[in-house]
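Residue 81 in our numbering sits at position 21 of the sequence shown, and the numbers go up by one each step.
The beta carbon of each residue, even a glycine, is placed where N, CA and C say it ideally should be.
So the structure is just underneath, and the comments pick up after that.
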Amino acid sequence: MTAIELVRVYDARRGNPAHASVEAALTGPEHPSVFLVDRLWPRGVAKADLPHDVWLKEAGPSTELRRWFGHDPERFAEFAERYRGELEENREQAAPLLEAAARGEVMLLFSAKDEEHNQAVVLRGWIEDRR
Numbered sequence: 061m062t063a064i065e066l067v068r069v070y071d072a073r074r075g076n077p078a079h080a081s082v083e084a085a086l087t088g089p090e091h092p093s094v095f096l097v098d099r100l101w102p103r104g105v106a107k108a109d110l111p112h113d114v115w116l117k118e119a120g121p122s123t124e125l126r127r128w129f130g131h132d133p134e135r136f137a138e139f140a141e142r143y144r145g146e147l148e149e150n151r152e153q154a155a156p157l158l159e160a161a162a163r164g165e166v167m168l169l170f171s172a173k174d175e176e177h178n179q180a181v182v183l184r185g186w187i188e189d190r191r
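What follows is the structure, given as structure tokens:
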């Protein structure tokens with residue numbers, strides 16, 4: 061099974077010491093396809109400083125769902141269920157992710173502080189369930 065790596069945007073940003081490990085992955089012989097999966101562009105990050113192939117803002121959770129969730133871990137289970145429903149209803153928005161995962165490694169970039177309760181975690185599970 062192809063790996064889907066989740067990386068916080070701020071760790072992937074050029075100039076951050078953590079960027080070295082991301083850069084190593086991106087310059088390797090079988091580097092992953094890199095997708096930013098936030099609906100909004102991350103605060104304080106210049107587009108030139110973020111290595112990504114595609115910004116799939118439409119594959120992120122709807123504005124209404126994102127606002128309702130508010131990154132509250134107690135709402136995560138319901139958020140995940142509702143977000144999966146949105147992904148099913150709008151599969152064409154996530155099609156590039158499914159296609160990339162079928163071809164090889166994928167890296168999903170996200171900006172949430174909580175690395176366990178965010179849309180990238182849900183999205184990875186959704187992609188893996190479809191392989």
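> From Gly120, Leu157, Glu159, pick the residue whose C-alpha is nearest to that of Arg142; which is it?
Replying inline: Selected option, being the one with the closest Cα: Gly120.
>> Counting C-beta neighbours from all protein chains within 10 Å, is the total for Asp98 16 or more, i.e. buried, or is it exposed?
In response: buried
>> Within 10 Å of its beta-carbon, does Ala155 have 16 or more other beta-carbons around it, so buried, or fewer, so exposed?
In response: exposed
> Counting contacts by CB-CB distance shorter than 9 angstroms, is Val181 in contact with chain B?
Replying inline: This model lacks chain B altogether; it includes just one protein chain.
> Just curious, the alpha helix (DSSP H) that Leu158 is in, first and last residue?
Replying inline: 151 to 163
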